[in-house]
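Chains as they are written, first to last, in the numbering used here: chain Z, 3 to 312; chain B, -16 to 76.
First the structure, in the form of structure tokens, and then the observations on it.
Here is the structure:
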């Protein structure tokens, strides 16, 4: 087990236990900024933890970040760990982070799908879904990024439980999804949702379940353009951007469409870098470069949410 | 533990809509044990396809017979997984 924040190796992949231990250390190291909440339990009864970054106040406007909804995307989780540490370290130093946290809270779910994540560590490194049983099928799991109540069951999702994009028996059937839905509804003041995936080098926004432009399309595309430009300035990594449906394909039941339809204007999803050679098996020496280049893009969206209250 | 010895990941470029449709047909064929890491979306985006060793020949014949352009992105998935495990062990030590 890692023994302190100072010896934690951010340039390595880690198991669930190591990451949960690290969360506790982050809280211990920043007791006035970071706390750990449990928002629910997974299908296999693992705790669903969220790190809360807050400098005080009550029910402040908030930013939601999540990583690891698809567990085989290890670079995403690793980037999440680095990013959470960065937020904690930069408060009081970086003017943008400080300004954000002086007015808003950040909620960060680093392991959104712990059952799947554990499964990738001991049984199948390529696992994408949850681990819930499907009645009447030998196939296990639901794609949690097709399980949201936003065009649920439509194009780009599958009704076949054996498919990687199986949408589940009904919207929010997955505990891991329902926990987030309940949390965001219960909070009532979430202004931005950023859901992070890998590995197609994209910054996307609603909609995925329809080709109609979102009401805030113009603002989102300008923000996305700035974010990918700032990301590219670090190592030259090129991202494409736009709505999910127009940029990749129709995908129904996704996180950011649900968030947008439920009043969260700044809803984005990132697909982190791919070297073109490794896919989900990105070597760990690329964790820090990936996280480093992603940081300015995340900051752009968070600062925009801060500066454009609604 | 599921092993992936001899599995490859192919990067495929579809040249036209007909090839896109064929890739979607491939996606539906569960018996071939293919896993789309990047799905057939539009002509500008490469498709990454993990193919089990047992299906490799059949899939390559399929791709060749319809004149797909493709390259081998990962030669042996298990080799990379073994390397990943070693790397984690080193870090832990």
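Built from N, CA and C at the ideal position, the CB exists for glycine as well.
Cα-Cα separation between residue i and residue j, rounded to whole angstroms
i, j, result
"residue 56/Z", "residue 49/B", "57 Å"
"residue 4/Z", "residue 184/Z", "Residue confidence is low: residue 4/Z scores 46 on pLDDT, short of 50, so the model does not pin down where it sits. Its coordinate-derived value is still stated next. Those two C-alpha atoms are separated by around 32 Å."
"residue 37/B", "residue 173/Z", "36 Å"
"residue 206/Z", "residue -8/B", "25 Å"
"residue 141/Z", "residue 211/Z", "25 Å"
"residue 10/Z", "residue 79/Z", "15 Å"
"residue 200/Z", "residue 289/Z", "12 Å"
"residue 99/Z", "residue 62/Z", "15 Å"
"residue 306/Z", "residue 67/B", "37 Å"
"residue 16/Z", "residue 71/B", "7 Å"
"residue 64/Z", "residue 311/Z", "11 Å"
"residue 85/Z", "residue 153/Z", "31 Å"
"residue 203/Z", "residue 249/Z", "11 Å"
"residue 283/Z", "residue 59/B", "11 Å"
"residue 94/Z", "residue 108/Z", "15 Å"
"residue 31/Z", "residue 151/Z", "38 Å"
"residue 213/Z", "residue 247/Z", "6 Å"
"residue 297/Z", "residue 233/Z", "8 Å"
"residue 143/Z", "residue 97/Z", "43 Å"
"residue 29/Z", "residue 39/Z", "11 Å"
"residue 1/Z", "residue 145/Z", "Missing from the structure shown is residue 1/Z; chain Z here goes from 3 to 312 and no further."
"residue 215/Z", "residue 73/B", "48 Å"
"residue 171/Z", "residue 76/B", "44 Å"
"residue -12/B", "residue 221/Z", "47 Å"
Coarse secondary structure for residue i, derived from DSSP in three states
i, result
"residue 10/B", "helix"
"residue 64/B", "helix"
"residue 46/Z", "coil"
"residue 129/Z", "coil"
"residue 244/Z", "strand"
"residue -12/B", "coil"
"residue 267/Z", "coil"
"residue 75/B", "helix"
"residue 31/B", "strand"
"residue 11/Z", "coil"
"residue 144/Z", "coil"
"residue 206/Z", "strand"
"residue 135/Z", "strand"
"residue 255/Z", "coil"
"residue 176/Z", "coil"
"residue 300/Z", "helix"
"residue 250/Z", "coil"
"residue 308/Z", "helix"
"residue 78/Z", "helix"
"residue 118/Z", "helix"
"residue 26/B", "coil"
"residue 233/Z", "helix"
"residue 260/Z", "helix"
Paired residues, beta bridge with residue i - DSSP
i, result
"residue 198/Z", "69/Z and 272/Z"
"residue 216/Z", "Residue 216/Z pairs with nothing; no bridge assigned."
"residue 40/Z", "51/Z"
"residue 21/Z", "Partner(s): none; residue 21/Z has no beta bridge."
"residue 168/Z", "160/Z"
"residue 53/B", "-5/B"
"residue 109/Z", "54/Z and 66/Z"
"residue 29/Z", "In the DSSP output, where bridge partners are listed per residue, residue 29/Z has none listed."
"residue 17/B", "34/B"
"residue 192/Z", "64/Z"
Pair within 9 Å by beta-carbon distance, residue i and residue j
i, j, result
"residue 268/Z", "residue 245/Z", "no"
"residue -6/B", "residue 44/B", "no"
"residue 40/B", "residue -14/B", "no"
"residue 25/B", "residue 251/Z", "yes"
"residue 274/Z", "residue 81/Z", "yes"
"residue 194/Z", "residue 272/Z", "no"
"residue 112/Z", "residue 51/Z", "yes"
"residue 14/Z", "residue 231/Z", "no"
"residue 83/Z", "residue 21/Z", "yes"
"residue 177/Z", "residue 255/Z", "no"
"residue 73/Z", "residue 24/Z", "no"
"residue 54/Z", "residue 110/Z", "yes"
"residue 157/Z", "residue 253/Z", "yes"
"residue 235/Z", "residue 186/Z", "no"
Neighbouring residues, chain A, relative to residue i (Cβ below 8 Å)
i, result
"residue 209/Z", "Absence of chain A from the displayed structure is noted, the protein chains being Z and B."
(Q) Within 8 Å, do at least three Cβ pairs link the region 157 to 175 of chain Z to the region 41 to 53 of chain Z? (A) no
Q. Any contact of the region 284 to 302 of chain Z with the region 7 to 19 of chain B, i.e. 3+ C-beta pairs under 8 Å?
A. no
Q: Say whether the region 15 to 27 of chain B touches the region 100 to 119 of chain Z, bearing in mind that this needs 3 or more beta-carbon pairs closer than 8 Å, one atom from each stretch.
A: no
Q. Counting pairs of Cβ atoms below 8 Å between the region 279 to 296 of chain Z and the region 234 to 245 of chain Z, do you hit three or more?
A. yes
Q: Inspect the CB distances between the region 115 to 135 of chain Z and the region -3 to 4 of chain B and report whether three or more fall short of 8 Å.
A: no
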